Ligand code: ADP
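Numbering (our numbering), first residue to last: 38 to 544.
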């Protein structure tokens, strides 16, 4: 089976959040199977460290992509990263689409990713090899589905899968944006295509919706979020579309790449530890706290350590993060916030917060994307706080558990599928792994933090075994990958009219 993954991110080459990790984890696990041929295609961003890619070579030196009446030049590079065959699309476009030093957040993101979507299909056409599964991820590449079925009809693509990692970002554009790359934009405003559903957006197209309508199967990243997508709160105006296509929607829980996230071998830690004994976990964690202190000159002597490692956006519960810091200080603990630079609307609030706690012995705040510091923090924490307003899956709680840090989460999306309150007697002991609160209010957060602190201080006999149990839990990509494979096979079986699967060994 030939599977082509198309996305805007692939960790560690280009990662802004969970998406990049998912593409890596799923692709690496699929690649282990000798009967599967897996290719990953992402843009060749200027910041990608090509030294991290083995056997990198220019696979296709020149192929064209039509845009605004001009055939723009591109090249495709390929090589091996983390055992996966990755293809980096170099757009030699005058606008320098992927030479911005970052993945997202540019004014012309729509043009950049629409161009990428068409260029991917141009490349697949140049390759001229049948594809069993074209697996698309999020709005950035959703347009590949309509392009494949309406314009690149000569391509032998048996089934198209779309995974929605985040329903809030949908890629709104105008019909003219599609005209630019050779589609007849106005036609897609028809009711059964992908006009935007949100009020005030008439004459607007919605790229994520295009992917949902055209894909043979749609997945999201947890079973609970698959249900939540049908509601106005989490569907973000696409709920009626998700309801219409409910029969092709499933939720498959994300895993984490346990090769990268392993406290027994992680090269970014100051001290390694494993789940074999509580004493070794505590010793390892203290050594990592000490390393964090000396690296950052932060005092942080008070325990427990609570932390959040996250993008700072509305989704992640900014007011609750702020409250978490204040309450932790009040309860006598230490708070570590490693946030990606806050989104514009939250900048003033979080700049203010940082100022308020400057040089505070119990609070460390940094707004950068720092992979290596993140690893050290996961190992140093006692608790990770994930107070999201919505959360399709969430990886930080899974990583935290692997590093022996207990999650404190709001009960939403994938957090609800993965964290089970340790004081709720309805949960069997083996699954109890954290602290859960429901309402997105300061009072609810204060209450859960108080409970967590009390439990930590007064009940080490249940707390420490819970830490050990969570570290041993299988959060790997094994089971999720089996679910994806099952879905791929089902999608293929429902496509009998297509050509037979490419013969093995054709590569
Ligand atoms: P999302 O994809 O919504 O951002 P997830 O919980 O699925 O959230 O994944 C977040 C990933 O990004 C985790 O691996 C987390 O460690 C990482 N991350 C988030 N913010 C930062 C940061 N500022 N520095 C380093 N890593 C970060």
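Glycine included, each C-beta is placed from N, C-alpha and C at the ideal position. What you are looking at is a predicted structure, and each value in this text was computed from that prediction instead of being measured.
What is the residue span of the alpha helix (DSSP H) that residue 187 lies within?
DSSP places residue 187 inside the alpha helix (DSSP H), whose first and last residues are 181 to 187.
For residue 205 and residue 316, I'd like the C-alpha separation in whole angstroms.
The straight-line gap separating the alpha-carbon atoms of residue 205 and residue 316 is approximately 43 angstroms.
So, are the CB atoms of residue 202 and residue 429 less than 7 angstroms apart?
One thing to note: residue 202 has its Cβ within 7 angstroms of the Cβ of residue 429.
Which residue or residues does DSSP assign as beta-bridge partners of residue 415?
Bridge partners of residue 415: none, in fact.
Using the Cα positions of residue 210 and residue 371, report the straight-line distance between them to the nearest angstrom.
Whole-angstrom Cα-Cα distance: 45 angstroms.
So, residue 298 versus residue 418, is the Cβ gap smaller than 7 angstroms?
Taking 7 angstroms as the cut-off, the beta carbon of residue 298 is found no closer than this to the beta carbon of residue 418.
Whole-number beta carbon distance between residue 216 and residue 222, since they are thought to touch under 8 angstroms:
With 8 angstroms as the limit, residue 222 and residue 216 qualify as a contact, their Cβ atoms being about 5 angstroms apart.
Which two residues bound the contiguous alpha helix (DSSP H) that contains residue 362?
Element bounds for residue 362: 355 to 368.
So the candidates are 233, 261, 259; which of them puts its Cα closest to the Cα of residue 248?
Nearest of 233, 261, 259 to residue 248, Cα basis: 233.
Length at least 3, wholly inside the region 452 to 492: the beta strand (DSSP E) runs in chain order
Here the runs fully enclosed are 472 to 474.
Helix, strand or coil: how does DSSP classify residue 404 here?
In the structure shown, residue 404 adopts extended strand secondary structure according to DSSP, grouped into three states.
Pairwise C-alpha distance: residue 469 and residue 461
Rounded to the nearest whole angstrom, the CA to CA distance from residue 461 to residue 469 is 8 angstroms.
Roughly how many whole angstroms lie between the Cα atoms of residue 405 and residue 312?
When rounded, the distance between both Cα atoms is 30 angstroms.
What number of angstroms, rounded off, separates the C-alpha of residue 39 from the C-alpha of residue 53?
Residue 39 and residue 53: Cα-Cα distance of roughly 27 angstroms.
Express the C-alpha separation of residue 157 and residue 227 in angstroms, rounding to a whole number.
Rounded to the nearest angstrom, the two C-alpha atoms are 26 angstroms apart.
Which parts of the region 43 to 75 are runs of the alpha helix (DSSP H), unbroken and 4 residues or longer, counting only runs that do not cross its ends?
You should have 55 to 68.
Status (buried if at least 16 other CB within 10 Å, exposed otherwise) for residue 332
Residue 332 comes out exposed.
Within 8 angstroms, do at least three Cβ pairs link the region 323 to 338 to the region 400 to 415?
They touch, by the three-pair rule.
Nearest to residue 43 by CA position, among 80, 279, 74, is which residue?
Looking at the Cα atoms, 80 is the closest of the given residues.
Taking 6 angstroms as the line, does the beta carbon of residue 411 fall inside it for any heavy atom of ligand 1?
Between ligand 1 and the CB of residue 411, the shortest heavy atom gap is smaller than 6 angstroms.
So, helix, strand or coil for residue 535, using DSSP?
Caution applies to residue 535, whose pLDDT of 47 falls short of 50 and renders its modelled position unreliable; the value that the coordinates give is listed next. DSSP places residue 535 in coil when its eight states are reduced to three.
With DSSP as the reference, label residue 240 as helix, strand or coil.
In the structure shown, residue 240 sits in coil (DSSP, three-state: anything other than H, G, I, E or B).
Is residue 346 near ligand 1, judged by its Cβ being under 6 angstroms from some heavy atom?
Within the cutoff, so yes.
Am I right that residue 446 and residue 471 are in contact with their C-beta atoms under 8 angstroms? What's the rounded C-beta distance?
Contact flag correct, Cβ pair sits at about 6 angstroms.
Between residue 481 and residue 475, what straight-line distance do the alpha-carbon atoms span, to the nearest angstrom?
One Cα belongs to residue 481, the other to residue 475, and the distance between them is close to 7 angstroms.
Please report the residue range of the alpha helix (DSSP H) in which residue 393 lies.
Here the alpha helix (DSSP H) through residue 393 covers 384 to 393.
Say the cut is 6 angstroms; is the CB of residue 425 nearer than that to a heavy atom of ligand 1?
No.
The alpha helix (DSSP H) with residue 508 in it runs from where to where?
Per DSSP, the continuous alpha helix (DSSP H) segment holding residue 508 begins and ends at 497 to 509.
Exposed or buried, residue 95, counting other C-beta atoms within 10 Å across all chains shown (16 or more means buried)?
Residue environment analysis places residue 95 among the exposed positions, since fewer than 16 neighbouring C-beta atoms fall within 10 angstroms of its C-beta.
By a C-beta neighbour count over all protein chains shown, 10 Å radius and 16 as the cutoff for buried, is residue 214 buried or exposed?
Label assigned to residue 214: buried.
With distances taken Cα to Cα, identify the nearest neighbour of residue 133 among 113, 125, 168, 82.
Check the Cα spacing between residue 133 and each of 113, 125, 168, 82: the tightest is with 82.
Do the region 504 to 524 and the region 435 to 450 touch if we need at least three Cβ pairs shorter than 8 angstroms?
At 8 angstroms Cβ cutoff, the stretches touch.
Ignore the nearest five residues each way along the sequence and tell me which others in residue 57's own chain have a CB closer than 7 angstroms to its CB.
Hits under 7 angstroms: 46, 47, 48, 51.
Let me check understanding here. Comparing Cα to Cα, which of 129, 284, 105, 122 lies closest to residue 99?
Ranked by Cα distance from residue 99, the options 129, 284, 105, 122 are led by 129.
Span of the alpha helix (DSSP H) holding residue 262?
Its alpha helix (DSSP H) spans residues 260 to 265.
I want to check one thing, is the minimum distance from the CB of residue 374 to the heavy atoms of ligand 1 below 6 angstroms?
At a threshold of 6 angstroms, residue 374 does not count as near ligand 1, since its beta carbon sits no closer than that to any of the ligand's heavy atoms.
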